[in-house]
Structures are given as C-alpha cells and as structure tokens.
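Just so you know, the sequence shown maps onto residues 1 to 126 in full-length UniProt numbering. C-beta atoms are modelled at their ideal positions from N, C-alpha and C, and glycine is treated no differently. All of these numbers come straight from a predicted model, not from anything done at the bench. Scroll down for the structure; my scribbles are underneath it.
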Amino acid sequence: MNIPGLITCHKAEVALAARRMVTHGTVPDEITLAVDGSKLIIGVTTLVAASVGEPADVVRSQLTPVIYGGDVVAGDPLTADADGRAIPATAGQFYLGFAEYDGAEDDLGSVWIAPGQLAAAAAGGG
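Below, the structure is given as structure tokens:
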C-alpha cells in the first residue's frame, strides 16, 4: 500500500536503491543506507534510485512500499538488513515502523512508518 505523507529530499552519501531504508549520513542533510537497527532509521527511498551525490527523496510518514529482506508477518516491527531491506526487528534495535502485510525475501511489501526502538533484552543472572 502506498499513502505517502511527508517526503523530504536529501543528498545521497552512497548509492541508494529504490524502496530501501535510510538513516542520517555523516554529513548534515545527507543520507546513507540503513544497514542494521543500531541507528535511527528515518525513512524509505522512493521508486527513484540515487547515485552518490544525487538528490534522493525519502518517505518519512504514513504507508510506503519497501523491499522485504526476509520473512515478514503483518504487524512485525521492521528494521533494516545489510542491504537496507525490511526485516523483523529484535530486542534493542531501532525500527522504522510496522509491516502492513506478510511477505518473503525480495517481495515488495509495505511499512506503516512509526519509528521507535525495541526494549533491550533483559540481562540474565540470578
């Protein structure tokens, strides 16, 4: 499903494929591929890919298509794999939002953008 709200434009710090999760780059107003859930994920690139230094549009709110990087179930909180594709988040990771429907690796899925971070796993011990 695609109901984009806020779309912002940023300079691509690296080459960005379409429908991939991104995060802030090392330079203000630049973006880079989100490669795991260790940093805040700010949105998803649009249908248009971007080369290094080119402008890239990023969907920052509502519903938007995203490429799944593995098996996803509707309602899963989604973070990024090493290629910026959406996968289920685990304890302590930042997530971009929630899966709108089930899918598998390389499917075009949909994410309801509502960024957050899952609680860290409880420490063991006794």
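Would you say His24 and Val58 are within 8 Å of each other, going by their C-beta atoms?
no
Report buried or exposed for Tyr101, applying the criterion of at least 16 other Cβ atoms within 10 angstroms of its Cβ.
exposed
Would Ala86 be called buried (16 or more neighbouring beta carbons within 10 Å of its own) or exposed?
buried
Within the continuous beta strand (DSSP E) that includes Thr32, where are the two ends?
30-33
Please name the residue in Asp71, Val27, Val22 whose C-alpha comes closest to that of Ala50.
Residue Val22 holds the alpha-carbon nearest to the alpha-carbon of Ala50 among Asp71, Val27, Val22.
Please report how far the alpha carbon of Asp83 lies from the alpha carbon of Ala122, in whole angstroms.
Separation of Asp83 and Ala122 (C-alpha to C-alpha, rounded to the nearest whole angstrom) is 28 Å.
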